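For reference, the structure is listed below as structure tokens.
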Amino acid sequence: MANEVAWVEVVGKDGQKLKSFYGDLFGWKVEKVPGDMPYWTHNPDGGGVGAGVGQAQDGQGHVTFYVGADDPQAVLDQAEKLGGKTVMPVTEMEMVTFGLFTDPEGHVIGVVKNQPM
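Numbering (numbering that gives the first Met the number 0), first residue to last: 0 to 116.
Written out as structure tokens, the structure reads:
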């Protein structure tokens, strides 16, 4: 479904510590993503919003939520028309296509391409 919160990400200086904290706190089953990136995902059984926990590339911690959309570029374009700014253009990775924008007050929000079920 388009325009629903699809993902939440918590990253910081020590991804391993964050993984352990949220895993222990909420009983999350987390899985390491393939490759060298210190990043783990939690996909809840029975539905719900998934989460990623890991190490920030720049070391700066943040929490970001991602909204699903059929056309992430259209969302970035509309955000700019409404006073936001694109901070990361639509980027295609092996398992996900996403972009980032700020709202008029500078909050960073993600938009992720809906994947067929």
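Ideal placement from N, C-alpha and C gives every residue a C-beta, glycine not left out.
Note that the structure is predicted; figures quoted are calculated from it, not measured.
In this chain, ALA50 is not harboured by any alpha helix (DSSP H); it is covered by the beta strand (DSSP E) spanning 49 to 54. In the pairwise beta carbon analysis, the stretch 13 to 28 is classified as not touching the stretch 76 to 84: fewer than three pairs are separated by under 8 Å.
In this structure the stretch 45 to 52 does not touch the stretch 80 to 96; the number of beta carbon pairs closer than 8 Å is below three. The criterion of a C-beta distance shorter than 8 Å is satisfied by GLN54 and GLY14.
Going by beta carbons, VAL62 and VAL9 fall inside the 8 Å limit. Annotation: VAL95 is outside any beta strand (DSSP E) and is labelled neither H nor E by DSSP. The beta carbon of LYS12 sits closer than 6 Å to those of GLY58, all from its chain and outside the five residues before and after it, given in chain order. Here DSSP, grouped into helix, strand and coil, assigns LYS12 to coil. Annotation for VAL29: LYS18, TYR21, GLY22, TRP39, THR40, HIS41 and VAL52 place their beta carbon closer than 8 Å to its own, counting only its chain and skipping 5 residues before and after. Residue nearest to PHE25 within the set PRO43, MET36 and GLU3 is PRO43 (criterion: CA-CA distance).
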